[in-house]
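> Line by line, the protein sequences are chains A and B.
For the first sequence, counting from 1, position 111 maps to 111 in my numbering; every step adds exactly one.
For the second sequence, counting from 1, position 8 maps to 8 in my numbering; every step adds exactly one.
Every residue, glycine too, gets a C-beta built ideally from N, C-alpha and C.
Number of protein chains: 2
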Amino acid sequence: MIKPAVILASLMLSAACQSPAAQAQAETETITEEPAIWRQVSPENLLLINTIHGQTVVELNPDFAPDHVAQVRALASDGVYDGQRFYRVIDAFVAQGGLEDEDLIETYPTLVNENDRPLSEAGFVPLGNGDMFAPEIGHIDGFPVGRSEEIGREWLLHCPGAMAMARDTDPDSGGTEFYIVLDAQRYLDRNLTVFGRVISGMQYIQKLKRGDRAIESGVIQAPDQGDEILSMQIAADLPETGRPAYRVMISDSPAFEDAKTQKRVRGNEFFYRTPPEVLDICGFEPPVERISELVALRP
Amino acid sequence: MIKPAVILASLMLSAACQSPAAQAQAETETITEEPAIWRQVSPENLLLINTIHGQTVVELNPDFAPDHVAQVRALASDGVYDGQRFYRVIDAFVAQGGLEDEDLIETYPTLVNENDRPLSEAGFVPLGNGDMFAPEIGHIDGFPVGRSEEIGREWLLHCPGAMAMARDTDPDSGGTEFYIVLDAQRYLDRNLTVFGRVISGMQYIQKLKRGDRAIESGVIQAPDQGDEILSMQIAADLPETGRPAYRVMISDSPAFEDAKTQKRVRGNEFFYRTPPEVLDICGFEPPVERISELVALRP
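#1: Using three-state DSSP, classify Thr-176 (chain B) as helix, strand or coil.
#2: Quick check on the burial criterion: 16 or more other C-beta atoms within 10 angstroms. Buried or exposed for Val-198 (chain A)?
#3: In terms of DSSP beta bridges, what is Ala-164 (chain B) paired with?
#4: Could you name each continuous beta strand (DSSP E) segment of 3 residues or more that falls completely within the stretch 228 to 255 of chain A, going from the start of the chain to the end?
#5: Quick one: residues in its chain with C-beta nearer than 7 Å to the C-beta of Thr-110 (chain A), no 5 flanking neighbours on either side, listed in chain order?
#6: Considering only their Cβ atoms, is the gap separating Asn-50 (chain B) from Leu-182 (chain B) smaller than 8 Å?
#7: If you measure from the beta carbon of Lys-207 (chain B) to each beta carbon in chain A, is any gap under 8 Å?
#8: Taking all protein chains shown into account, do 16 or more other C-beta atoms lie within 10 angstroms of the C-beta of Ala-24 (chain B), making it buried, or fewer, making it exposed?
#9: Hey, how far is the Cα of Gly-196 (chain A) from the Cα of Leu-104 (chain A)?
#10: Anyone know if the C-beta pair for Ala-162 (chain B) and Pro-160 (chain A) falls short of 8 Å?
#11: Can you check DSSP and say which residues form a bridge with Pro-135 (chain B)?
#12: Based on the DSSP output, what are the partners of Leu-156 (chain B) in its beta bridges?
#13: Enumerate in chain order the residues of its own chain whose CB-to-CB distance from Glu-44 (chain B) is below 6 Å, with the five nearest sequence positions on each side excluded.
#14: Report the three-state DSSP secondary structure of Leu-119 (chain A) (helix, strand or coil).
#15: Can you check which of these residues, A:Gly-83, A:Leu-156, A:Tyr-108 and A:Arg-243, is closest to Pro-118 (chain A) by C-alpha distance?
#16: Do the CB positions of Asn-61 (chain A) and Val-69 (chain A) come within less than 8 Å of each other?
#17: Sort B:Ser-42, B:Phe-133, B:Asp-63 and B:Gly-97 by Cα distance to Gly-283 (chain A) and report the nearest one.
#18: Report buried or exposed for Ile-291 (chain B), applying the criterion of at least 16 other Cβ atoms within 10 angstroms of its Cβ.
#19: When you compare each of B:Asn-191, B:Ser-200 and B:Ala-259 to Asp-116 (chain B) by their alpha carbons, which one comes out closest?
#20: Distance check for Pro-239 (chain A) and Arg-186 (chain B), CA to CA, integer angstroms please.
#21: Tell me Pro-309 (chain B)'s beta-bridge partners as DSSP assigns them.
#22: Less than 8 Å between CB atoms is the rule here; does Gly-152 (chain B) satisfy it with respect to chain A?
#23: Would Arg-290 (chain B) pass as an interface residue toward chain A - the criterion being a Cβ-Cβ separation below 8 Å?
#24: Roughly how many whole angstroms lie between the Cα atoms of Met-12 (chain A) and Pro-244 (chain A)?
#25: Mark Ser-120 (chain B) as exposed unless 16 or more other C-beta atoms lie within 10 angstroms of its C-beta, in which case mark it buried.
#26: Give a yes or no on whether the minimum CB-CB distance between Glu-285 (chain A) and chain B is below 8 Å.
#27: Relative to the alpha-carbon of Leu-99 (chain A), which residue among A:Phe-270, A:Phe-178 and A:Ser-217 has its alpha-carbon at the smallest distance?
#28: Could you tell me which residues DSSP puts in a beta bridge with Leu-47 (chain A)?
#29: Against chain A, with Cβ distances strictly below 8 Å, would Phe-143 (chain B) count as a contact?
#30: I'd like the span of the alpha helix (DSSP H) that includes Glu-102 (chain B), first residue to last.
#31: Below 8 Å between beta carbons: does that hold for Ile-281 (chain B) and Asp-131 (chain B)?
#32: Can you list, in chain order, the residues of its chain whose CB lies under 8 Å from that of Ile-300 (chain A), leaving out five sequence neighbours each side?
#33: Inspect the beta-carbon positions of Ser-42 (chain A) and Ile-234 (chain A) and report whether they are closer than 8 Å.
#34: Thinking Ala-201 (chain A) and Gln-55 (chain A) are a contact (beta carbons under 8 Å), I'd like their distance in whole angstroms, please.
#35: Quick one: what's got a C-beta closer than 7 Å to Val-219 (chain A)'s C-beta in the same chain, skipping five residues either side?
#36: Who are the near neighbours of Pro-275 (chain B) in its chain, counting only those whose CB is closer than 8 Å to its CB and skipping five residues on each side?
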């Protein structure tokens, strides 16, 4: 999901070898493009999941799921997930991780579901076309959202990269076991609580060791075991200097409209047959950039 | 995408330790469930892609793309792809592999595209609900298909696991460079030729090393390089004993209807809010089983 990030990084690396004047100019060039397009993700909402494959970065969404975010933040800050595993990973479905041990799970409170909420006053930006699962779809703060005027509710979608809370049959039984959506699972919308979305490093989730869905619902069986969560941290808990920082394109900006249009209207000559002008909301990745190198260079 | 396969395999492994009578019974039990539900994939249409991550199995579709299948078969039989690489892999988009070297590519003929064909007489099984990209959708022989009565054409879809031929701007310029779809890319339908689909081991494609889309369109840059295609073979070229064999559920069978209904209608109590009764054709995996252990046990 990172795109211009690496370009930014290499720009900064070469800037470090330049004269102070040239360096200042490089920073200015980067800053001038920022104003109304980007929103920096608060470090309190930046969840870092480190595995042997690499670092996956999740933006938490306390507006939609305040209690879930508070609990996951606390668990991550306490290091409870460190050394635990992605123990149930089903290709094209979800990668589930957490504490696995039922006795351990029971030491933490279960949460009342936050599957949906009343329609919000502002911030919703319609996608611009229909959807098969929800009456209305669009984005709020870069998160894909479904809405229904009829029932007066809105909810986060189970698109690839959505992070949500697993549960038993009781809708209020989740608390520690989370999953990250691999292929879209829209039928789970409003049945489970989505509380974040991967904004970088989804490829490392895709590399996680798989289980077999037909055997114990995909739980990886002993003596084999799922890939380890080396650590799971909140960026705000790390020293400010050098910690990862990301910015997300503002949903209610012309640049975001342009990004959607580029994916919906395929005007270039490669497409000798014009595709239908339609966008699957789960196939559109709201633009994200890593900005930590930039921050690190500033005084 | 394999589900009951591993159960079958373990059944067979334990059967091998049983008396001949028990072994015969185990075979009979498996065989009695076969008749009208399964179609064994012809070994000429079974393409095996071996990487360090594991074996990915593709069913080729010579009915839709005869010239593409003939060329890929010939290239695989000649070992041309062996030792080549997946050199352009973009997360959530496609994994592209092939010969990479333009001089080498030019030694093989380019192919007239086989993006779509006239509506066929029979074999099309409607999915049972609408779609955002095509007037009509469903399956033919387990392959997801789009159709339009208006233009009188039908085509294979760019769902996850679709294998298709890359090309330049000229629609008839592909010939050796192929890609496998990661997340659905339906806007590519009818613009590029899909000639097969992954029926097993999609997880190993998901594990391939990624490039960065922003740098040279995702081509992995030196000194790094993409994961190697250790070998790419047609099953028919391997000794009959012990070669992989697969069967695909017949699209026009009650079992296939049941499989779709199970995914479309979520009746169990876990879903305390009933999801919309709709199926995304790219989110439905037509059932496939590995049967080679079974075959190997027969006289």
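Looking at the atomic coordinates:
#1: coil
#2: Counting C-beta atoms within 10 angstroms of its own C-beta, Val-198 (chain A) has 16 or more neighbours from the protein chains shown and is therefore classed as buried.
#3: Partner(s): B:Tyr-179 and B:Val-194.
#4: Whole beta strand (DSSP E) segments, 3+ residues: 231 to 234 and 246 to 249.
#5: Asp-172, Ser-173, Gly-174 and Gly-175
#6: no
#7: Yes, because at least one Cβ of chain A sits closer than 8 Å to the Cβ of Lys-207 (chain B).
#8: The predicted model places Ala-24 (chain B) with a pLDDT of 43, which falls under 50 and marks its position as unreliable; any figure quoted below should be read in that light. Looking at its Cβ environment, which holds fewer than 16 other Cβ atoms inside 10 Å, Ala-24 (chain B) is exposed.
#9: 23 Å
#10: no
#11: DSSP output for Pro-135 (chain B) lists no bridge partner at all.
#12: Paired residue(s): B:Val-145.
#13: Closer than 6 Å at the Cβ level, and outside the excluded window around Glu-44 (chain B), lie Ala-236.
#14: Note: Leu-119 (chain A) maps to coil in three-state DSSP.
#15: When each option's Cα is compared against that of Pro-118 (chain A), the closest is A:Leu-156.
#16: yes
#17: B:Phe-133
#18: buried
#19: B:Asn-191
#20: Put simply, the backbone Cα of Arg-186 (chain B) is about 44 Å away from that of Pro-239 (chain A).
#21: Within the shown structure, residues of chain B are numbered from 1 to 299, placing residue 309 (chain B) beyond reach of any answer.
#22: no
#23: no
#24: Summary for Met-12 (chain A): the model assigns pLDDT 29, below 50, so the residue's position carries little reliability, and this model does not support an answer.
#25: With fewer than 16 Cβ atoms within 10 Å of its Cβ, Ser-120 (chain B) is classed as exposed.
#26: yes
#27: A:Phe-178
#28: Bridge partners of Leu-47 (chain A) according to DSSP: A:Val-58 and A:Ile-234.
#29: Not closer than 8 Å to any Cβ of chain A, the Cβ of Phe-143 (chain B) fails to qualify, so no.
#30: Membership of Glu-102 (chain B) in the alpha helix (DSSP H) is indicated by the continuous run 102 to 105.
#31: Cβ atoms of Ile-281 (chain B) and Asp-131 (chain B): closer than 8 Å.
#32: The requested residue 300 (chain A) does not occur in the structure, where chain A is confined to residues 1 to 299.
#33: no
#34: Reading the sequence as shown, one finds Gly at residue 201 (chain A) and not Ala. 5 Å between Cβ atoms; contact.
#35: The residues are Tyr-87, Arg-88 and Gly-211.
#36: Arg-266
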